[in-house]
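Following this note's numbering, the numbering of the sequence shown begins with 349 at its first residue and continues without gaps.
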Amino acid sequence: DPGDLAWNKLSSLNPLSFSSLPALIKLDLTSNRLSYLPVSGLHGLTHLKLAGNEDLQELLPAESLPKLRVMELPYAFQCCAFVSCEKHSSPWDRDNNNNGKDDFGRREGILSNQEDHEDFLLDFDDEPKSHHTVQCSPSPGPFRPCHHLFGSWLIRVGVWVIATLSLVCNTLVMVSIFLSPSFLSPVKLLIGLLALVNSLMGLWSATLATVDALTFGSFGRYGARWESSTGCKLTGFVSIFASETSIFLLTVAALERGLSVRRGKAAEGKTSTGTLRLVAALCFLLGLAITLLPLLGDYGVSSICLPMPYEEPSSLGFMVALVLVNSLCYLIMTVTYARLYCSLEKGEPDSLWDCSMIRHVAWLLFTNCLLYFPVAFLSFSSLLKLPSVGPEVVKSVLLVVVPLPACLNPLLYVLFNPHFREDLGLLHRRTRGALHLSRPRRLSLVSLNSEDAEKQSCDSTQALVTFGVSEEEEESRGAGQQPSAEAHHPPVAFIPCR
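So, in C-alpha cells, the structure goes:
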C-alpha cells in the first residue's frame, strides 16, 4: 500500500512527496518523527493518520484537504479546523458522532469501527454534494478547547480575582511574619510557610489567566505548543506541589496547636523551633515526592497543565491513593481539633496568643475541609464514571474551587487575626525609626562639608546650652517645680547624636 508509511521513523518529507499521487485517498504516517506535513497533492485524501508525531504541532490547512473525513491527529487542537463548523454553539460541545461518549470512548470507537467508517465514506463519494460528517480523534473538549482556555466569563473573572488576592494577601502575610521584629513562634512559622505555598497556587492561576488573555478567541492555534511546553509542565508541577504541601502543613499546624494546649502554657517556650522546621521540611519533601510520581507514570497533560491519567490501573491507583491520603489528613485535623475543644471546655486557654491562633487554625481547617469535599466527590465520580459529572463541571472545580483556599487562607489571617496588625505595626515602626536614624547622619555629613564654620560653632554652642537647660529641668522636676515654657526644646534633634 503506497499510503502506509507508519513506524518508519520519518523525520521529514519532501514538499512534493505526494504531488504525483492525486488518486491517494488513505495515508498512514502513524508514529513517525514528522514536524511538517506537505499537503500538495492530497486534495483527494479521505483518511489520514498522524498519531504519534509529537513534533507535528502546526494546524493542518482544511482548505487543502477538502475531502478529509477520518483523521487521527497528534493533538486535539488540530481537529478544530475540521470540526468547528459543526460546533458553533459552544467550545464545550462534543461533535455529532460522540453519542454521549467521552474522548477515550470516541477514540476507541474510531479504532474499532474503522472498516465501517471506510465503507460509510466510500458510499458518500458517489454523492459529492451530500453533507459529510468529519470524524477526528482526539476530539476537542473542555480540557482541550478550540477558542478559549476558560469556557465562560464567570470562570475567567473568578480566576483573575483568586490569582490577584492570593498573590497580594500571601505576600502581606509573609512580610508581616518573616520581616517583623516580633517573636517567631512555631505556629506563626507554619502559617508563614503556608502562605508561601499558597502563593505558588496563586501563581498557577495567574499563569493560566495570562495564557487565556494572550490566546483569547484562538487558543486552538497555540494549544499544542502550550501543552508540550516546559512552562506548562512547570506550572502543573507547581500547582500539585502547592496543593499537597499546603494540606501537610495545615495538618502539622493542627497537631502543633493541639499539643501546645495539651501541654499548657509552657509549651510555647519549650517547643523547639528547630524540630518544627525539620517537620516542615519533611512536609515539603513529601509534597515533592507526590508531585514527581505522575511524571514517572503514563499521564497526559491538559490545557490547564494538570496531569490527566489514562484508563490504566496504575494511574487510577495513584488517583485513589492521593484522594485517600488527603482525606486522612483532614480526618486527623478534625479529630485533633475536636479533642482540643473538648479540653478547652474544662478551662480557659492559657493566654490570648493561644486563643487567637487556635481560632485561626480552626478557621483554616473549616474552610479547607469544606472546599475539599467537592474535589473529593468529583474525583471519585470521575473514577466511577458517573454520568452526572461532565468534564465542564470538573474543569470549573479545578479552576475555581481548588485554588480558592490559597485565596481565603491569607484573607482570614489579614482580616481577623490580631497578630497580623501587631506585626505589621512593629515592622512599620522599625522601618520608620531606621529612616529617622539615617536622616540626621546624612545631614551631619553635609554640614561637615560646608564652608560655614561659624554657623557650625554657633550650632554647637546652642546644643551645649540646650543640654544645660535640660539638666536644669531635671533638677527642677526633682525639686517639685514646674519647668517654664521657655525651657522646652524638642529633643528629637539630639537623640541621634548620643
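We treat Cβ as the ideally placed atom computed from N, Cα and C, and that holds for glycine.
Provide the residue(s) that pair with residue i in DSSP beta bridges, ordered along the chain.
i, result
"LYS374", "HIS395"
"MET549", "For MET549, which the question treats as bridged, DSSP gives no partner whatsoever."
"ASP352", "ASP376"
"SER729", "DSSP, once it has assigned bridges, lists no residue as partnering SER729."
"CYS484", "MET419"
Look at the alpha carbon of residue i and the alpha carbon of residue j, and state the distance between them as a whole number of angstroms.
i, j, result
"SER524", "HIS767", "9 Å"
"VAL723", "CYS631", "21 Å"
"THR639", "LEU548", "14 Å"
"SER729", "LEU760", "31 Å"
"CYS690", "LEU634", "31 Å"
"ILE482", "LEU416", "Note that residue 482 is Val in the sequence shown, not Ile. VAL482 and LEU416: Cα-Cα distance of roughly 7 Å."
"LYS357", "THR378", "10 Å"
"ILE588", "ASN765", "28 Å"
"MET681", "ILE510", "25 Å"
"SER699", "LEU532", "Because SER699 sits at a pLDDT of 47, beneath the cut-off of 50, its placement in the model cannot be relied upon, and the following sentence gives the value as read from the coordinates. Their Cα atoms are separated by approximately 16 Å."
"LEU375", "SER675", "50 Å"
"CYS580", "LEU497", "13 Å"
"THR578", "VAL649", "12 Å"
"SER367", "SER359", "19 Å"
"GLU740", "GLY489", "9 Å"
"ARG492", "LEU718", "29 Å"
"VAL418", "HIS395", "5 Å"
"LEU636", "LEU398", "36 Å"
"LEU353", "GLU406", "20 Å"
Check whether the Cβ atoms of residue i and residue j lie closer than 8 Å to each other.
i, j, result
"VAL609", "LEU688", "yes"
"PRO655", "GLY738", "no"
"GLY568", "PHE430", "no"
"ASN716", "PRO751", "no"
"ALA554", "LEU520", "no"
"LEU726", "ILE652", "no"
"PRO529", "LEU692", "no"
"LEU404", "GLY389", "no"
Put residue i into one of helix, strand or coil per three-state DSSP.
i, result
"ARG492", "strand"
"GLN426", "helix"
"GLU740", "helix"
"CYS653", "coil"
"VAL418", "strand"
"SER359", "coil"
"ASP451", "Low confidence applies here, because ASP451 scores a pLDDT of 43, under 50, leaving its location unreliable; read the following figure in that light. Three-state DSSP puts ASP451 in a helix."
"SER691", "helix"
"ASP771", "helix"
"ARG707", "helix"
"ASN674", "helix"
"LEU497", "coil"
"THR779", "helix"
"PHE721", "helix"
"ASP403", "coil"
Below 6 Å CB to CB, which residues in the same chain sit around residue i once its five sequence neighbours on both sides are set aside?
i, result
"ASN401", "ASN380, LEU382, PRO422"
"ILE706", "ARG605"
"PRO642", "PRO655"
Return the chain-ordered list of same chain residues with a C-beta closer than 7 Å to the C-beta of residue i, the five sequence neighbours on each side being excluded.
i, result
"TRP508", "ALA557"
"MET522", "GLY540, ALA543, LEU544"
Using a Cβ-Cβ cutoff of less than 8 Å, which residues in the same chain neighbour residue i once the five nearest sequence positions on both sides are dropped?
i, result
"ALA601", "VAL535, LEU538, ILE539, LEU542, VAL709, LEU712"
"ALA628", "LEU537, LEU538, LEU541, LEU597, VAL600"
"VAL858", "This structure cannot speak to residue 858, because the chain is shown only from 349 to 846."
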